[in-house]
Amino acid sequence: MSFLRFRKQLGLLARDPLTRTVDGVRSREEFRKALLRERAASDRNEHGFSFLVFDGGFAGNPAAVRDFADVLTRRIRRIDEIGWFDQHHLGVLLPYTSATGAKTLAQDLCRKMGSSPLSCTIYTYPDQWLPDEGAGSGSISGSDTMSRSVSLSKRKTSDADQDSAQTNTSPEEGLTLSRGRHEELFTNPVPTWKRAFDIVGSLTALVCLSPIFLLVAIVIKLVSRGPIFYKQNRVGRDGKVFRIWKFRTMCGDADSTLHQNHLSSLITRDSSMTKLDALRDPRIFPFANIMRRCYLDELPQLINVLRGEMSQVGPRPCIPYEAQEYRLWQTQRFEALPGMTGLWQVNGKNKTTFKEMIRFDIAYSRRCSFWLDVSVLLKTVPAIVGEILECVQNGKTHQTQRE
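Numbering (the working numbering) for the sequence shown: -1 to 401.
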């Protein structure tokens, strides 16, 4: 018996079950809205929730759907939601529930379903993006990935809790458990057009700008001892850490404490995003200020774009110690591939506050399109020229004041 015929017998309208709410089971469209609402509430209030996706042979089996829904409605709380995750899977939204609590529910449902086999994927939000840094080293250890924690206080869970949350099998007969990543729920794949645009753009730029690369490399070697390139850990899409390429503009023994304190102050006070360059950063060697003002030091990031770690347009990739300062809602900027330029850069940049920068980044991740990327790229050069002219004017003003 088809699902539509089953609904007719119940006296319901014969419409697609994925677009209509029936017997407490939300349609796919309505369930998606409920999931996004819960995420928004979680971001505002900084509480967590879990999301279960069940596969119990529901496709084309209305009896299985009915039995499972009956068991669920008797087991869950009033604040929980049941709905279609996709055409073959039912989902359960559990506000204020940890991964351990979600696993307990899945095992209980398996017992109540008897011999019916169940497969369950557990998603927990938030899985905080926290750098797995060596103690006091300031560098990323392991495989340069971000560790995950269900903790809202930015502390790692105990080993026992993590083992429980990441269990892949269950002693309950007939139940298969797996742990999902919440990015799979909220992060869309990188569009094909964007990747193709990045490959063509980065290759073309690397070839055309190769004389500038050579000139900058010669200048660096003439004025400063040390390597030409500088590689640093940055946080990219889905909180994954990668190594960013830049032309070196600082002394080899430069301490990051000054920059870390400056960033922390900007985030805490939510003041304008003033760069340390404007405060005459003592770590910068001669002529490097010119490279930084013209953004020549950023050109090697075309290599990151070609490798797929970055895009031409997107949020600027932050440093791991900056990510540790983020509020929950601010981590949404990690849903987009980081870029060399973006909405923030062409809408005031250093004149905006930290929160305004984050909102620009989140807006881009939700509105990303080919024509938006083209628009941002076309606005980037005038924005850079405007910044250079402003720096020159400010320099003349300071010189006049000293005289």
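The beta-carbon is built from N, C-alpha and C at its ideal position, and this holds for glycine as well.
Because the structure is a prediction, the values reported are computed rather than measured.
Report yes if the CB atom of M248 is closer than 7 Å to the CB atom of N348, and no otherwise.
-> No, the Cβ-Cβ distance between M248 and N348 is not below 7 Å.
With a threshold of 6 Å, establish whether the CB of V303 neighbours any heavy atom of the ligand MG.
-> You won't find the ligand MG in this model; it holds no ligand whatsoever.
Measure the alpha-carbon distance for T378 versus V344 and round it to whole angstroms.
-> In this structure, the CA atom of T378 is about 6 Å from the CA atom of V344.
Can you tell me which of the three DSSP states V383 falls into?
-> Helix, per DSSP.
Comparing alpha-carbon positions, which option in I356, Q299 and F56 lies nearest H86?
-> Comparing Cα positions, the closest option is F56.
Based on the DSSP output, what are the partners of Q230 in its beta bridges?
-> Beta-bridge pairing links Q230 to I242.
Cβ distance (whole Å) where F285 is taken to contact V217 below 8 Å = With 8 Å as the limit, F285 and V217 qualify as a contact, their Cβ atoms being about 6 Å apart.
Residues bridged to Y121 by DSSP?
-> Checking the DSSP bridge columns, you'll see Y121 partnered with F49.
Exposure label - S263; buried when at least 16 CB within 10 Å | Exposed, by the Cβ-count rule.
Which two residues bound the contiguous alpha helix (DSSP H) that contains L261?
-> T255 to R267 is the span of the alpha helix (DSSP H), which, as asked, contains L261.
Contact set for D236: own chain, Cβ-Cβ below 7 Å, skip 5 residues either direction = Its chain contains E181, T185 and F332 as the residues whose beta carbon lies nearer than 7 Å to that of D236, once the 5 sequence neighbours on both sides are disregarded; these appear in chain order.
Note down the Cα distance separating P124 from L92, rounded to an integer number of angstroms.
-> P124 and L92: Cα-Cα distance of roughly 13 Å.
Alpha-carbon to alpha-carbon, I80 and Q299 = Going by the C-alpha atoms only, they are around 45 Å apart.
Quick one: is E44 near chain D, going by C-beta distance under 7 Å?
-> Here there is only one protein chain, and chain D is not present.
Following the continuous beta strand (DSSP E) through E79, name the residue where it begins and the one where it ends.
-> Residues E79 to W82.
Cα-Cα separation, Q391 to M338 | Approximately 26 Å, taken between the alpha carbons.
For G54, which residues does DSSP report across the bridge?
-> None; G54 has no bridge partner.
Can you tell me which of V69, V90, R291 and C292 puts its alpha carbon nearest to the alpha carbon of G112?
-> Comparing Cα-Cα distances from G112 to each of V69, V90, R291 and C292, the minimum goes to V69.
Would DSSP call Q310 helix, strand or coil?
-> Looking at Q310 - three-state DSSP - the assignment turns out to be strand.
Please classify T351: does DSSP put it in a helix, a strand, or coil?
-> Note: T351 maps to strand in three-state DSSP.
To which residues of the same chain is T71 closer than 6 Å at the C-beta, ignoring the five residues directly before and after it?
-> Counting only Cβ-Cβ distances below 6 Å, and skipping sequence neighbours, we find G22.
Please report how far the alpha carbon of F358 lies from the alpha carbon of L297, in whole angstroms.
-> The alpha-carbon of F358 is positioned some 23 Å away from that of L297.
Which stretch, first to last residue, makes up the beta strand (DSSP E) that contains L91?
-> Start and end: L88 to P93.
How long is the line joining the alpha carbons of P315 and P336, rounded to whole angstroms?
-> Counting only the Cα atoms, P336 lies some 5 Å from P315.
In terms of alpha-carbon separation, which member of Y324, C292, S367 and Q322 lies closest to R312?
-> A small fix is needed here, since residue 312 is Gly in this sequence, not Arg. Among Y324, C292, S367 and Q322, the Cα nearest to that of G312 belongs to S367.
Give the range of the beta strand (DSSP E) segment to which T272 is assigned.
-> Per DSSP, T272 belongs to no beta strand (DSSP E) and is neither H nor E.
Who are the Cβ neighbours of Q310 in its own chain at under 8 Å, not counting the five residues just before and after it?
-> Excluding positions up to five away in sequence, the list reads F195, D196, G199, S200, V303, G337, M338, T339, D371 and L375.
Just the Cα atoms here: how many angstroms apart are P318 and E36?
-> About 27 Å.
Check the DSSP bridge columns for T339 and list the partner residues they point to.
-> Answer is V311, bridged to T339.
Within 7 Å, strictly: CB atoms of I265 and E323 = Taking 7 Å as the cut-off, the beta carbon of I265 is found closer than this to the beta carbon of E323.
Beta-ladder partner(s) of M111, from DSSP | Its beta-bridge partners do not exist; DSSP assigns none.
Cα separation between I77 and K31?
-> Going from the Cα of I77 to the Cα of K31 covers about 15 Å.
Report the residue from L220, A321 and T255 whose alpha carbon sits nearest the alpha carbon of K238.
-> If we check each option's Cα against that of K238, A321 comes out closest.
Of the listed residues V221, K192, I242 and R365, nearest to Y228 (C-alpha basis) | Ranking V221, K192, I242 and R365 by CA distance to the CA of Y228 puts I242 first.
Which residue from S40, A381 and L88 puts its Cα closest to that of T119?
-> That would be L88, whose Cα lies nearest to the Cα of T119.
Three-way DSSP call (helix, strand, coil) for C206 in this model | The three-state reading of DSSP puts C206 in helix, counting H, G and I together.
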